[in-house]
Amino acid sequence: MSRMGYGIKFFGMILVLWTVSWGQTPPDSAPVVVGGHALFNIQTSLGPFSAQARAAAIKVRLTSLTKDLTASLDSITAVVGEASTDVVIGDRVLLTITDADAAAAGKTRGELVADRIMIVKAAATALRNEYSTRSLVTGSIFTVLISTAFIILLILLARLRSVAIVRLQRVEIRPLRLQKVDLMSSGQIKAGIIQMVKAIRLLLVLIAFYVYVPLVLGFFPWTREYAPRLVEFMVVPLRSAGHAILDYLPRLVVVLICAAGAYFLIRISHFLFRELGRGRIAWPGFYPEWAAPTHKILRLLILAVTLVVVFPYLPGSGSPAFQGISIFLGVLLSLGSTSAIANIIGGVILTYTRAFHVGDRVKIADTVGDVVEKSLLATRIRTIKNEFITVPNSMVLGSHIINFSASDIGAPLILHSSITIGYDAPWRQVQDLLVAAALRTSLVIKEPAPFVLQTSLDDFYVTYQINAYTREPARMAMTYAELHQNIQDCFNEAGVEIMSPHYGSLRDGNLTTIPANHLPKDYSAPSFRFQRSRDEPRFDESEAR
1304 MSRMGYGIKF FGMILVLWTV SWGQTPPDSA PVVVGGHALF NIQTSLGPFS AQARAAAIKV
1364 RLTSLTKDLT ASLDSITAVV GEASTDVVIG DRVLLTITDA DAAAAGKTRG ELVADRIMIV
1424 KAAATALRNE YSTRSLVTGS IFTVLISTAF IILLILLARL RSVAIVRLQR VEIRPLRLQK
1484 VDLMSSGQIK AGIIQMVKAI RLLLVLIAFY VYVPLVLGFF PWTREYAPRL VEFMVVPLRS
1544 AGHAILDYLP RLVVVLICAA GAYFLIRISH FLFRELGRGR IAWPGFYPEW AAPTHKILRL
1604 LILAVTLVVV FPYLPGSGSP AFQGISIFLG VLLSLGSTSA IANIIGGVIL TYTRAFHVGD
1664 RVKIADTVGD VVEKSLLATR IRTIKNEFIT VPNSMVLGSH IINFSASDIG APLILHSSIT
1724 IGYDAPWRQV QDLLVAAALR TSLVIKEPAP FVLQTSLDDF YVTYQINAYT REPARMAMTY
1784 AELHQNIQDC FNEAGVEIMS PHYGSLRDGN LTTIPANHLP KDYSAPSFRF QRSRDEPRFD
1844 ESEAR
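Each residue of the sequence shown is one higher than the one before, starting from 1304 at the first, in the working numbering.
Have a look at this one:
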């Protein structure tokens, strides 16, 4: 066989190895390979020797025969026995053929012996020719030609890479943006494409080198047997990958069907809850603000159920390593997400109890402010001092919540404040003054009218509570401040002193507590006076001495 024939049949050799590796040869069959050529297969064992052991022994004998140029191939004969036939050359046994070999080949023993002798002679003749001077010179020439082509290919790939890089640098590439954010600049995109071009060029060089080396090795008889091994190094991983892909296809179909079903269920639920949120679809007992969180919860459940269903069909799901990683992640999440799960459950409960909405003025524990954000994990509140406070939902759920903005019947919020006045002031006058102060407050509505409650009768004073209605709970701090100012003005104008809760003074003629701008212009504080009773004994200075 010529050198060109070996070069052309190199790709055929790859195909043969691929076919053999894909199971076309019976699992108990072993090929006899001599000089890189598969001559025939040994399909049965002989006594304690397996088919593989027999094939290895025959290979050694035939290789020795091809290198022994003094042995005449015409002297190869067959020695027939009762149960087997030996193919010999001189006193050397080349191979033994049994009735089991003939039955496996579907021939008689004599026919199989004749075929094997013809194959051995042809192979030995061809291999001996490969060691001739002409064959070696031809192989050297083809090696030079293939090497030259390989070098030219490397130069072309290098130039193509340089040309591609130069042209890419001249091309204007728009940056990759997400709305107003630049995810990748034009320079980064160009650098990424250039690196990709270099990687493709390196891959092509490796492929060319992997093809070049077996071709060169196949041109010489001493190295020809190594060429199939190099090819097999590439074929075996590809065969394993191909087997894995083909075996996984039915399971992949199940995964794709489950994924498609989950996708369409999520799309349908998204449409349904979107329309519920907009009020286009009415569901008795279902509030529009429940639409978004319910859709998120349902989507999470759909994804979780889908993952549980497809988990056994994922690649490597049954391997101990995969199961160990799954258990580790499960334990890690269970230990580290306790508080997060509590916050999520609290967020769900707060959503469906409708305790408050975004924009409501609330009081949670000691925090008073407007709700600016409500999520599954936490609630953000902006106080009247423009302080943003983030409260975990588990803490919100464990605290009492006062919602100043919510009302089931649409009634306005009642603001209340207490003041204590002494018993000397007429209670009707005090109540009138408190109502007048409330009506002076700008954000207090006239109807319903403000009212006063006497909440307690203490030792030194009476506790009065003014109650006034407002429809601006978000401005209650300013309303309270204005109400307290008006209470002071009204009481001072009426000459009623606010002397509680405690005010200690000797009040016989000293200055009143009413501010000076509410006193008469001719008012003056009377002098301090003492009055002695008549029956009180007089003080005798002589006795004191």
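Note that CB positions come from ideal geometry on N, CA and C, so glycine has one too.
Item, Value
"Would you mind stating whether LEU1471 and ILE1497 have Cβ atoms separated by less than 8 Å?", "yes"
"Considering only the beta carbon of each residue, do ALA1728 and CYS1793 sit closer than 8 Å?", "no"
"How far does the beta strand (DSSP E) with ASP1389 in it reach, from first residue to last?", "1387–1392"
"Assuming TYR1764 contacts GLY1725 under a Cβ cut-off of 8 Å, what Cβ separation, rounded to an integer in Å, is found between them?", "5 Å"
"Between ILE1392 and LEU1368, how many whole angstroms is the CB-CB distance? I'm expecting something under 8 Å.", "7 Å"
"Should ILE1379 and ALA1358 be called a contact, given that it needs their Cβ atoms to be closer than 8 Å?", "no"
"What residue range is occupied by the uninterrupted alpha helix (DSSP H) comprising PRO1334?", "Looking at the DSSP string, PRO1334 is not in any alpha helix (DSSP H); the run it does join, the beta strand (DSSP E), is 1333–1337."
"Please determine if the segment 1429–1444 and the segment 1388–1406 are in contact, where contact requires at least 3 C-beta pairs separated by less than 8 Å.", "no"
"Check whether chain D comes within 8 Å of ILE1422, counting only Cβ atoms and requiring the distance to be less than that.", "Given the protein chain composition of this structure (a single chain), no chain D is represented."
"Kindly identify the DSSP beta-bridge partner or partners of LYS1677.", "THR1682"
"Is DSSP giving TYR1726 helix, strand or coil here?", "coil"
"Give the secondary structure of MET1802 by DSSP, where H, G and I count as helix, E and B as strand, and everything else as coil.", "coil"
"Which term fits SER1721, buried or exposed, when burial requires 16 or more other beta carbons within 10 angstroms of its beta carbon?", "exposed"
"Name, in chain order, the residues that DSSP records as bridge partners for ARG1772.", "It should be pointed out that residue 1772 corresponds to Tyr in this sequence rather than to Arg. TYR1772 is bridged to ILE1717."
"Going by beta carbon distance, what residues of the same chain come within less than 6 Å of ILE1584, once the five residues before and after it are set aside?", "GLU1578"
"Going by DSSP, what residues sit across from HIS1546 in a beta bridge?", "Answer by DSSP bridge pairing: none, since HIS1546 is not bridged."
"Quick check on the DSSP output: the beta strand (DSSP E) that includes THR1880 runs from which residue to which?", "Summary: the structure shown does not reach residue 1880, with the chain confined to residues 1304 through 1848, and so no result is reported for it."
"What do you get for PHE1567, buried or exposed, if any count of 16 or more other CB atoms within 10 angstroms of its CB means buried?", "exposed"
"Could you pull out every residue in the same chain whose Cβ sits closer than 6 Å to the Cβ of ILE1503, ignoring the five residues on either side in sequence?", "none"
"Please check the pair PRO1776 and LEU1716, which I expect to be a contact at CB under 8 Å, by giving their CB distance rounded to whole angstroms.", "5 Å"
"Apply the 10 Å Cβ neighbour rule to TYR1513 and answer buried if 16 or more other Cβ atoms are within range, or exposed otherwise.", "exposed"
"Might you give, ordered along the chain, the residues of its own chain that have their beta carbon closer than 7 Å to the beta carbon of PRO1517, omitting 5 neighbours on each side?", "PHE1313, ALA1530, LEU1533, VAL1534"
"Three-state secondary structure (DSSP) at TYR1826?", "coil"
"Can you tell which of VAL1508, LEU1439, GLU1592 has its C-alpha closest to the C-alpha of ARG1454?", "Just to set this straight, residue 1454 is Ile in the shown sequence, not Arg. Cα-wise, what sits closest to ILE1454 is VAL1508."
"Tell me, to the nearest whole angstrom, how far the beta carbon of ASP1663 is from that of ASN1696; I am working on the premise that it is less than 8 Å.", "15 Å between Cβ atoms; not a contact."
"Tell me the rounded alpha-carbon separation between LEU1928 and ILE1648.", "Summary: the structure shown does not reach residue 1928, with the chain confined to residues 1304 through 1848, and so no result is reported for it."
"Tell me the residue span of the beta strand (DSSP E) that contains THR1401.", "1395–1401"
"Would you identify the three-state DSSP class for VAL1558, choosing helix, strand or coil?", "helix"
"Across which residues does DSSP place SER1759 in a beta bridge pair?", "THR1766"
"Look at VAL1674 and PHE1659 and say whether their C-beta atoms are less than 8 Å apart.", "yes"
"Which value, in whole angstroms, describes the spacing of the CA atoms of ARG1774 and MET1781?", "13 Å"
"Where does VAL1514 fall in DSSP's three states?", "helix"
"I need the DSSP call for ILE1687, collapsed to helix, strand or coil.", "coil"
"Which partner residues does GLY1672 have in the DSSP bridge list?", "VAL1665, THR1686"
"In this structure, how does DSSP classify ASP1418 when only helix, strand and coil are distinguished?", "helix"
"Taking the beta strand (DSSP E) that ASN1706 belongs to, which residues open and close that run?", "1704–1706"
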